[in-house]
Amino acid sequence: MSGISYSEILKLVAPEMLVSLAALAVLAIDLLVMREAPQRYRFWTGAAFAGLGCGLAIAWLLAMNPPPHSMSAGLSLLQGTYADDVLVRLVKVALLVMTLFTLAISMESNFTDHIGEYLALILLATVGMMFLVSSENLLMVFISLELTSLSLYILTAFNKRNVESAEAALKYFLFGGMSAAFTLFGLSLVYGLAGSIQFSEIYSKLHAAKIDTLLLAAIVMTVIGFGFKIAAVPFHLWAPDAYQGAPTPSAAFIASGSKVASFFIFAKLMMQAFAGAEGNGAWRHFTPGWLPVVATVAACSMLLGNLAAIVQGNVKRLLAYSAIAHAGYALLGLLSNSQQGMSSLIYYIVTYGLTVLGAFGVVAIVEERTGDASISSFAGLGRRQPLLGLCMMVFMLSLAGIPPLAGFFGKFYLFTAAIGAGKDMGMLWLVIFAIAMSAVSLYYYLQVLKQIYVVPAVEDSRPIVVPVSSRIILSLLALVVVVLGCAPELLLGRLITAIKLASHQ
Amino acid sequence: MSDYLFYIFAALTVICGALVIINKNPINSAMFLVLSIASMAGLFVLLHAFFLAAVQVLVYAGAVMVLFLFVIMLLDLKEEQRRKINTFGAVTGVASVAAIGYVFYQSIRNTPLPNAVAHSEGDTVVLGKLLFTDYVLPFEILSILLLVAMVGVILLSKKDLK
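Chains as they are written, first to last, in the numbering used here: chain A, 10 to 514; chain B, 25 to 186.
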């Protein structure tokens with residue numbers, strides 16, 4: 010034991026502890042006290058406790074900043090199973106904020122009677138993501154990834170009145186199990202080659218050595234596993250079904266929180282542990298390493314995600330394909346393989362998560378009122394519920410990357426980082442491809458907006474009644490998207506300082 | 025000697041694993057799974073991880089498999105016996121497994137492997153100390169994972185009246 014007592018460990022993992030305790034409290038309260046209460050009160054009480062836990066964890070993370078043990082540099086404890094620095098804390102705060110919004114948009118839904126379990130599973134998935142974000146150890150990465158995935162499988166299957174939900178969860182589970190096997194295989198090969206499961210030791214063992222074929226096989230296996238988590242082509246097959254079949258708040262959570270955590274740890278693993286094995290991803294100058302692998306995956310994701318999204322008739326499915334395309338763009342940040350790349354990746358994926366949460370929030374309301382989430386059920390939304398229409402416009406335009414919204418700046422910064430990376434602008438081919446594909450993506454986002462503002466509502470054009478809480482939350486999300494687009498330094502400045510501090514370890 | 029034993033156990037694990045999938049009768053599949061798990065325990069013994077081997081036999085080959093058999097008996101899977109093997113799936117599956125196997129064979133052959141880390145005897149005292157010092161966090165997270173699994177199973181298998 011590296012000279013650290015249990016009480017110190019407890020103090021370090023306090024945010025995770027708080028969220029786990031909140032999960033247990035929500036379970037117990039719902040089971041013991043609220044059993045007979047009407048559904049609405051149960052949801053409100055449970056969400057209040059869950060939100061309290063997340064809020065306390067956020068407060069802890071921000072108040073204890075910088076990490077207690079040293080002023081600037083982070084620390085990596087217990088064989089790298091728990092790393093803590095300013096960057097990790099920022100990402101954790103972002104995760105908790107997304108959990109809060111997920112709780113908020115699920116409050117008005119009534120797809121399940123098992124409210125305590127639902128809220129507790131969201132919180133426990135968050136605990137998994139938080140541990141995932143702060144791991145610098147392959148074992149810890151795998152275990153927390155499994156905790157997250159397992160909770161998400163169950164959240165997908167939560168709507169027991171709908172067969173699609175069960176089918177989606179089964180597909181998600183089978184693909185997930187398969188990809189976990191690949192990840193584990195890849196990670197164990199890395200362990201075999203490096204003789205350690207700590208990122209820093211893997212780096213020191215591998216960066217000097219020649220890149221041999223077994224290491225390449227291990228890297229490909231690892232990329233397969235993470236490619237599944239971030240829904241990149243060709244490991245995306247679960248995503249459209251899972252997004253469509255899952256209850257909408259669960260789908261929002263899968264699309265936001267789990268993406269942020271997986272992208273962060275994927276980038277960290279590649280940039281830190283495999284830092285000597287990049288290879289070269291420049292056009293016509295491919296040399297073996299992880300860059301060309303990730304570049305191929307990114308190009309495929311952008312191509313297939315954007316083209317398949319065009320023909321979708323269901324908004325949840327459309328958002329799934331758009332998520333695949335966005336995974337492709339975000340991988341550009343990883344491909345830059347620099348500090349700037351890391352900050353652009355985190356900024357992009359956090360703003361994307363917030364935007365997509367909002368979009369799913371609107372979809373959830375429309376789905377509840379009209380019965381399904383097909384594009385045509387959005388017809389006339391701009392008149393029936395102007396605020397909702399306006400929010401959806403902000404989210405869609407941000408996803409398409411229109412200034413001055415957050416999506417535009419995220420893409421801009423991402424592409425700049427990718428162009429500046431490497432020598433002779435090696436990633437230029439992929440950036441040009443990405444820009445072309447973003448132009449394509451505008452088409453299907455505008456299709457949704459066309460339904461909202463141009464096409465008149467078919468049968469009943471009565472205004473949709475939306476609860477005040479949903480209105481506040483969706484407007485807040487739209488506001489965040491606009492503000493982060495107009496003043497990106499709010500988040501980006503913090504990210505850049507945090508990354509600088511973290512790299513000085 | 026231990027080299028030969030390794031190949032025997034490894035081959036047994038793989039063959040029994042394949043038989044689990046190929047077999048049409050679920051009970052036979054479960055029995056082959058027991059064999060596969062038991063030969064994996066043999067592999068652990070060869071790595072001097074005696075405790076792990078014992079746990080593997082006790083928990084997996086013993087307890088978990090009994091539960092498996094119970095469930096199979098309770099579910100009364102007659103449909104499954106008439107299942108036809110999907111030719112397309114079988115051919116593509118075997119082809120991709122062969123391709124992956126070939127990649128690994130070539131890459132392992134072409135890679136100078138580092139010498140195996142000198143392994144200590146996997147006794148319970150060392151293991152316990154590690155689990156409660158350096159690896160206390162993964163150990164605790166696993167308990168959360170089991171809680172999630174438990175909640176999930178009860179939730180999904182319970183019949184909703186509405």
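No residue lacks a Cβ here, since even glycine has one placed at the ideal position from N, Cα and C. Predicted model only: the values in this text are computed from it and were never measured.
In the structure shown, residue 143 of chain A falls within a coil segment according to DSSP collapsed to helix, strand and coil. The three-state reading of DSSP puts residue 221 of chain A in coil, since its state is none of H, G, I, E or B. Beta-carbon to beta-carbon, residue 424 of chain A and residue 343 of chain A are separated by about 14 Å, too far to satisfy the 8 Å threshold.
In the structure shown, residue 90 of chain A adopts coil according to DSSP, grouped into three states. If you look at residue 376 of chain A, you'll find it in the alpha helix (DSSP H) that goes 348-379.
Each residue's CA atom was taken as its position, placing residue 167 of chain A and residue 138 of chain A some 20 Å apart. Neighbours of residue 18 of chain A in chain B, taken as residues whose beta carbon is under 9 Å from its own, are 160 and 161 in chain order. For residue 174 of chain B, the enclosing alpha helix (DSSP H) begins and ends at 160-181. Within chain A, not a single residue places a beta-carbon under 7 Å from that of residue 123 of chain B; the smallest gap is close to 12 Å.
Looking from the CA of residue 197 of chain A, the closest CA among A:169, A:149 and A:165 belongs to A:149.
Nearest to residue 227 of chain A by alpha-carbon distance, out of A:164, A:161 and A:299, is A:299. In the structure shown, residue 460 of chain A adopts helical secondary structure according to DSSP, grouped into three states.
If the five residues before and after residue 34 of chain B are omitted, its C-beta is found closer than 6 Å to no C-beta atom of its own chain.
In this structure the region 54-72 of chain A lies against the region 124-143 of chain A, because at least three pairs of beta carbons, one per stretch, are closer than 8 Å.
Look at the region 253-321 of chain A and you find these whole runs of alpha helix (DSSP H), each 4 residues long or longer: 257-264, 266-277 and 299-319. Under the three-state reduction of DSSP, residue 394 of chain A is assigned to coil, being neither helix nor strand. 8 Å or more divides the Cβ of residue 160 of chain B from the Cβ of residue 458 of chain A.
Around the beta carbon of residue 341 of chain A, a 10 Å sphere encloses 16 or more other beta carbons of the protein chains shown; the residue is thus reported as buried. Look at the region 26-53 of chain B: it has no residue with a C-beta under 9 Å from a C-beta of chain A. Contact check between the region 342-362 of chain A and the region 254-272 of chain A: three or more CB pairs, one atom from each, fall below 8 Å, which counts as touching.
Listed in chain order, the non-local C-beta contacts of residue 103 of chain A below 7 Å within the same chain comprise 269 and 359, local neighbours out to five positions each way being set aside. Interface annotation, residue 216 of chain A: not in contact with chain B, CB-CB separation never under 8 Å.
Residue 333 of chain A places its beta carbon less than 8 Å from that of residue 310 of chain A.
Here residue 20 of chain A is exposed: its Cβ has fewer than 16 other Cβ atoms, across all protein chains shown, within 10 Å.
The Cβ of residue 149 of chain A sits closer than 8 Å to at least one Cβ of chain B. For residue 323 of chain A, the three-state secondary structure derived from DSSP is strand. Residue state for residue 14 of chain A is assigned as coil, using DSSP reduced to three classes.
Per DSSP, reduced to three states, the secondary structure at residue 205 of chain A is coil, with no helix or strand assignment.
In this structure, the beta-carbon distance from residue 97 of chain A to residue 66 of chain A does not fall below 8 Å.
In terms of beta-carbon proximity, residue 175 of chain B lines the interface with chain A, with at least one pair separated by less than 8 Å. Within 7 Å of the CB of residue 168 of chain B, the CB atoms of chain A belong to 29, 133, 136 and 156, in sequence order along the chain. Between the region 366-373 of chain A and the region 306-323 of chain A, the count of C-beta pairs closer than 8 Å stays below three; the two stretches do not touch. Each of B:59, B:70 and B:120 was checked against the Cα of residue 84 of chain B, and the nearest Cα belongs to B:59. Put simply, the CB of residue 88 of chain A is near chain B, with a gap under 8 Å to one of its CB atoms. A residue is called buried once 16 or more other Cβ atoms fall within 10 Å of its Cβ, and residue 207 of chain A is buried on that count.
Judged by their CB atoms, residue 248 of chain A and residue 365 of chain A are not nearer to each other than the 8 Å cut-off.
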